[in-house]
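Residue numbers 1 to 106, in this note's numbering, belong to the letters of the sequence shown in order. Everything below concerns the one structure shown next.
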Amino acid sequence: MSGVLLKDVSVGFDGVAALSDVTLQVEAGEQLAVIGASGAGKSTLFRALTRSVVLGSGRVIIGGHDLYSLSRRRLNELRRRIGTIYQAYNLVPQLSAGVNASLGEV
1 MSGVLLKDVS VGFDGVAALS DVTLQVEAGE QLAVIGASGA GKSTLFRALT RSVVLGSGRV
61 IIGGHDLYSL SRRRLNELRR RIGTIYQAYN LVPQLSAGVN ASLGEV
């Protein structure tokens, strides 16, 4: 994977902006922690990175591919390579957080 780029991404719900013109670049091999107050847009950001939300505007590029232009099959292939740990802690208790994240389940 050659990195992640969000360019001018906006997402809103019922007229309220959850993300507004967010631009973010993460190079391959980089690690990123997303922290913030409740309602700050963290979950919406991750939903944009897995095409689980409709963008109001902007682009999401992962590994050189425009996420919102991929076929369903290619999207599913890409999603299998993304590891995410949500606050609900759906972890395998015998494994470390790092190993859980590396499982690639979305």
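No residue lacks a Cβ here, since even glycine has one placed at the ideal position from N, Cα and C.
Burial is judged here by how many other beta carbons sit within 10 angstroms of a residue's own beta carbon; I62 has at least 16 and is buried. Beta-bridge pairing by DSSP links S57 to S10. Distance from the CA of L91 to the CA of V99, rounded to the nearest whole angstrom, comes to 10 angstroms. For S20, there is no enclosing alpha helix (DSSP H); the residue is part of the beta strand (DSSP E) that begins and ends at 16 to 26. In the structure shown, L5 falls within a strand segment according to DSSP collapsed to helix, strand and coil.
By the Cβ criterion, the segment 27 to 42 is not in contact with the segment 70 to 81, since fewer than three pairs of Cβ atoms, one from each stretch, lie closer than 8 angstroms. When the Cα atoms are used, L6 and A28 turn out to be separated by approximately 14 angstroms. Annotation: L19 to Q94 spans about 35 angstroms, alpha carbon to alpha carbon.
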